[in-house]
Each structure stands twice: as C-alpha cells, then as structure tokens.
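Anchor point for the sequence shown: position 65 equals 242 in my numbering, and the numbering is continuous, going up by one each time.
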Amino acid sequence: MPAIAVAASTPAFAASQLPPVHLDGWMEATRDNVWGSSLFRYRCRHQANACGTGSGVRYGMYITQADGHTIEQAQITWHFAEPMTVKKLSPRGCNTDGWSTPTATTPPQDEQGYYTYTSTYTGGYTQCPSPYGDELCLVGRPAFEFRTVREDWDGCRTGSYYDYSSITRSVMVDGEWVSFIRTLNHATGRTFIGRPPIGPDGAGRSARVQSNPGLKELNLAEGEKGPEVVPAEGERAY
Numbered sequence: 178m179p180a181i182a183v184a185a186s187t188p189a190f191a192a193s194q195l196p197p198v199h200l201d202g203w204m205e206a207t208r209d210n211v212w213g214s215s216l217f218r219y220r221c222r223h224q225a226n227a228c229g230t231g232s233g234v235r236y237g238m239y240i241t242q243a244d245g246h247t248i249e250q251a252q253i254t255w256h257f258a259e260p261m262t263v264k265k266l267s268p269r270g271c272n273t274d275g276w277s278t279p280t281a282t283t284p285p286q287d288e289q290g291y292y293t294y295t296s297t298y299t300g301g302y303t304q305c306p307s308p309y310g311d312e313l314c315l316v317g318r319p320a321f322e323f324r325t326v327r328e329d330w331d332g333c334r335t336g337s338y339y340d341y342s343s344i345t346r347s348v349m350v351d352g353e354w355v356s357f358i359r360t361l362n363h364a365t366g367r368t369f370i371g372r373p374p375i376g377p378d379g380a381g382r383s384a385r386v387q388s389n390p391g392l393k394e395l396n397l398a399e400g401e402k403g404p405e406v407v408p409a410e411g412e413r414a415y
C-alpha cells in the first residue's frame, strides 16, 4: 500500500530525533477439537481474532508515537507447533478488510522450529484516542482460523511445545521493520513476552528439556505501558 506519512506536530524533526514507535494491541485466542474427514478422528482448531472488547485489553493493532514517521506496511505472523490449513473469518460487526489470508512463510519454520504463517495488511489507518498521545489504529481487524493437517483420536495435543502458539506483530517504519512477539500457553491461559520454548527442529531439541530464557510472563515491570495490556482472569489473549 502507499506509504502513510504522519505529520509531525513539531516541524523540522529528523527521523532520528523522533521518539521510537511502539506497537500494541491484542487478539483473543481459542483452541478446541473439530471432526476430521475420518470417523472418530479430530483436527485441532485454533481461532484468533481482534474483534473483541474484552476487559483488560485493547483488541486490534495500534502504532503509538507514529507522529512524524512514515508507516509503510504491517504484518502479523502466527507460530504453531504443527502445519496448518488457514481460512479467513468474518465475525459479525467486525471489519476485517485489508488483512490477507495467512500463507506459509519461506522457510516454513522459524528459529524455534514452529511453523509460521503471515498475513499482510493493506488497509487503512486512522488516528485514535490513546492515553499515550498520538496513536494510529489499523482500521481492519484480523480474524482467522487454523486447523492442523494431522487427524487422529487425540485432537489437540498437550504438553511440551504443543501447548504454545505465538504472534509476531510487525510494522515498517521509516523503511525499517519494528516487531514484537507474544506467546500464549493454551493449557494454562498465561501470556508471555517473547518466543515460545524450543520445538522440534531436527537437532533433537525439545521443549521438554529446553526453554527459551527470553520468555517472560507479562507484567507491568517488564516494560508494558499500562493496565489495559494485562489480560483479564481466564481471558486467553496474545
């Protein structure tokens, strides 16, 4: 999409003198079993959408301190322990325009061994109210469903790296990508900052014996900006 030049409130600032942008926003996540094509076999279904208005978090995607910067493109990448099929959802009352259906990246696995699927945003932006000053909201809100290619009697596998999925949010600012990643443990509902534990990668490593030291449980002391970023009790979000 064409670059969006956001006018600076104070003129004559070079980009290097402007404060860095900050990405925020949340997606609600669910995981359950659905029937496969074979009798008594299941597929594991993950759904993620930014259409909610749940307590404790702000759904959608926000670019804070965008004033004076050029915003060119936004993306979201999902990280799963298994290969998935994907389809776009259109929840009632939710504008999902501008988000492409996620496609497998190349290579298909990230550094932790998780399969990755990226959606690119080509929709509009709008100024939105924020307690942190100037902020751009992406008008379109992503909503997608992922189902495992695998079918078996167990459906969603639990334990080790199967309990985790992650989202990397990225936006190109002044020609450079700015990104952050959150991880959800579906078994416990806990949300973390950083990549998930190490998954299978052909080198014999496993989340059963190794974890990512950069994975930190969400709390305000870790640099999060306000109380709205902490999911409510029992609310699975990342």
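In this text, a Cβ means the ideal position worked out from N, Cα and C, and glycines have one as well. Here the structure is a predicted model, which is why all the values come from computation and not from measurement.
The Cβ atoms of ALA243 and ASP201 lie no closer than 8 Å to each other. C-alpha of ASP329 to C-alpha of TYR291: approximately 20 Å in a straight line. Taking LYS264 as the centre and dropping the five residues before and after it, the same chain places the C-beta of GLU322 closer than 6 Å to its C-beta, in chain order. Note that the segment 288–308 does not touch the segment 216–232; fewer than 3 beta-carbon pairs, one per stretch, sit closer than 8 Å. In this structure, the straight-line span from the alpha carbon of LEU313 to that of GLY237 is close to 11 Å. Residue pairing by DSSP places TYR239 opposite ASP201 and CYS314 in a beta bridge.
Check the Cα spacing between THR335 and each of HIS199, VAL198 and ASN210: the tightest is with ASN210. Residues of the same chain with a CB within less than 7 Å of the CB of GLY376, apart from the 5 flanking positions on each side, are ALA258, GLN289, GLY290, TYR291, TYR338 and ALA384 in chain order. For the options TYR341, MET261 and THR365, the alpha carbon positioned closest to that of VAL326 is the one of MET261. Residue burial is scored here from C-beta neighbours: PRO197 has fewer than 16 other C-beta atoms within 10 angstroms and is therefore classed as exposed. For SER337, the secondary structure class from DSSP, reduced to helix, strand or coil, is helix.
For VAL355, the uninterrupted beta strand (DSSP E) run begins and ends at 353–362, by DSSP.
Annotation: TYR341 to LEU266 spans about 22 Å, alpha carbon to alpha carbon.
With fewer than 16 other CB atoms across the displayed protein chains lying within 10 angstroms of its CB, LEU216 is exposed.
Looking at the DSSP output, GLU322 bridges to GLN224 and LYS264. Excluding five sequence positions before and after THR254, the CB atoms of its chain that fall closer than 6 Å to its own CB belong to THR293, THR295 and THR345, given in chain order. Rounded to whole angstroms, the gap between the alpha carbons of CYS221 and GLY245 is 44 Å.
In the DSSP assignment, TYR292 falls within the unbroken beta strand (DSSP E) covering 292–298. Ranked by how close their Cα comes to the Cα of ARG235, the residues GLY366, SER343, ARG318 and TYR298 have ARG318 in first place.
The beta carbons of VAL348 and ALA206 sit no closer together than 8 Å.
If you look at PHE257, you'll find it in the beta strand (DSSP E) that goes 247–257. Closest by C-alpha distance to GLY301, out of TYR239, MET204, GLY366 and GLU353, is TYR239. Around the beta-carbon of ALA320, 16 or more other beta-carbon atoms lie within 10 Å, marking it buried.
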